Amino acid sequence: MRDYIIMTDSCCDLNQQEVDELGLTVLPLSFTIDGKTYLNTPDHAEMSPEEFFAKIAAGENSTTAAANVGQFDEAMRRALDAGKDILCICFSGALSTTYQSACIAAEDLKSEYPDAKILVIDSLSASRGQGMLLYRTVQERRRSSPDIETLAAYVRSILQTQCHWFIVDDLNHLKRGGRVSATAAFVGTMLGIKPVMHTDSEGRLIPMSKARGTKAALKALVDKVEELGVEPDKNQPLFICHANCPDSVAYVKELLEERFGVTDVRADFIGPVIGAHTGCGTLGLFFVGTQR
């Protein structure tokens, strides 16, 4: 059995320590702010999330760019030249062209490396939900030492058990993305309405309900763990992403421990690429469920 690497992109929002522990190869996406373009890497070498969200809070806007075919071609060649196959798990194809770029690069390389296997999977996930999928993938690899095709089949089999629920603090960012109308954004902001959203079975962002006030919205996220989640497993942590809102993270962790006895909750920042589209105050909760 040929050795293989697990490749992904930086929209998984895993930090450098997590990436190293899981042994992942991560391709960076990029973002532009202040007229300058930066790479969104797991070590945040070019701009920290704290600095990024401080700029967003000050009213600056950011644009983003997907990983392109050339980036995937270069990274895939390095692995193939080292004699390794590739399992590539990408940011939701419904939200970015990154997955499409990976597929094109893989197809283009087949003729040059006819004996190699390059398997590309749409994670249907975002941020640390994608990170949770990668964590589960690596745990299964370490547990059963499968070949690349068996592990790819495992990944596909668990995609619909990946639950992504989140709230957005600033409705104006959703307005710019066409998720809510200008009137709804204005009224919602005035009334303190927080939309509760999730990533559906096709990897799309879908508004599901509304809550009045941050604590009510956060409680609604935790309610979803009770409604959809499988019984907590000591070997399966829950994941949280947040856009510079540590108090909200602490509150959700408190609720999870009080209601379910869950203490292994792995929280970290939303990266700038996703944060450019969510704004400050966003929090996502990711867990394994019976359905999406």
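Those letters in the sequence shown? Residues 20 to 311, per the working numbering, in order. Glycine is no exception: its CB is placed at the ideal position from the N, C-alpha and C atoms. Being a predicted model, the structure only gives us computed values, none of them experimental.
Beta-carbon contacts of residue i that lie in its chain and below 6 Å, excluding the five residues immediately before and after
i           : result
residue 139 : 107, 121, 122 and 125
residue 198 : Its pLDDT being 46, under 50, residue 198 is placed unreliably by the model, and nothing is read from it.
residue 10  : Limits of the chain in this structure are 20 at one end and 311 at the other, which puts residue 10 out of reach.
residue 68  : 288
residue 228 : 215
residue 20  : 166
residue 159 : 173
residue 270 : 237
residue 49  : 56, 58 and 84
Nearest to residue i (by Cα), restricted to the options the options
i           : options               : result
residue 188 : 32, 55, 298 and 100   : 298
residue 23  : 95, 49 and 87         : 95
residue 55  : 65, 61 and 143        : 65
residue 88  : 148, 115, 78 and 168  : 115
residue 263 : 233, 162 and 300      : 300
residue 142 : 303, 52, 183 and 227  : 183
residue 39  : 153, 232, 177 and 231 : 153
residue 77  : 53, 93 and 63         : 53
residue 296 : 155, 51, 37 and 28    : 51
residue 129 : 170, 92 and 163       : 92
residue 172 : 291, 156 and 148      : 156
residue 149 : 174, 279 and 127      : 174
residue 111 : 49, 163 and 28        : 28
residue 311 : 163, 177, 280 and 278 : 177
Own chain, CB closer than 8 Å to residue i, minus 5 neighbours either side, in chain order
i           : result
residue 132 : 99
residue 127 : 88 and 92
residue 119 : 112
Integer-rounded CB distance, given that residue j should sit under 8 Å from residue i
i           : j           : result
residue 181 : residue 151 : 7 Å
residue 47  : residue 58  : 4 Å
residue 214 : residue 186 : 7 Å
residue 86  : residue 60  : 12 Å between Cβ atoms; not a contact.
residue 222 : residue 144 : 7 Å
residue 231 : residue 211 : 6 Å
residue 305 : residue 240 : Going by Cβ atoms, the distance from residue 305 to residue 240 rounds to 10 Å, so no, they are not a contact pair.
residue 62  : residue 35  : 4 Å
Sequence-distant residues of the same chain with beta carbon closer than 7 Å to residue i, five excluded per side
i           : result
residue 282 : 276
residue 225 : 216, 217 and 219
residue 267 : 233, 237, 261 and 302
residue 146 : 30, 32, 260, 289, 293 and 303
residue 308 : 180, 182, 247, 248 and 249
residue 321 : Nothing about residue 321 can be read from this structure; the chain reaches only from 20 to 311.
residue 97  : none
residue 113 : 221, 222 and 223
- Taking only runs of the beta strand (DSSP E) that begin and end inside the stretch 70-130, which ones reach a length of at least 3 residues, in chain order? 82-84 and 104-109
- Query: So does the stretch 58-74 actually touch the stretch 97-117, counting three or more Cβ pairs closer than 8 Å?
  - Reply: no
- Are there three or more Cβ pairs, one per stretch, closer than 8 Å when the stretch 275-287 is compared with the stretch 208-222? no
- Is the stretch 78-89 touching the stretch 134-150, taking contact as three or more C-beta pairs under 8 Å? no
- Message: Across the stretch 265-275 and the stretch 236-246, are there enough close Cβ pairs to call them in contact, namely three or more that are closer than 8 Å?
- Response: yes
- Please specify which runs of the alpha helix (DSSP H), each continuous and at least 4 residues long, are wholly inside the stretch 237-281, giving them in chain order. 265-279
- Task: Enumerate, from N- to C-terminal direction, the unbroken beta strand (DSSP E) stretches of 3 or more residues contained entirely within the stretch 132-200.
- Result: 137-141 and 181-186
- Item | Secondary structure, alpha helix (DSSP H): runs of 4+ residues fully inside the stretch 25-55 | 35-41
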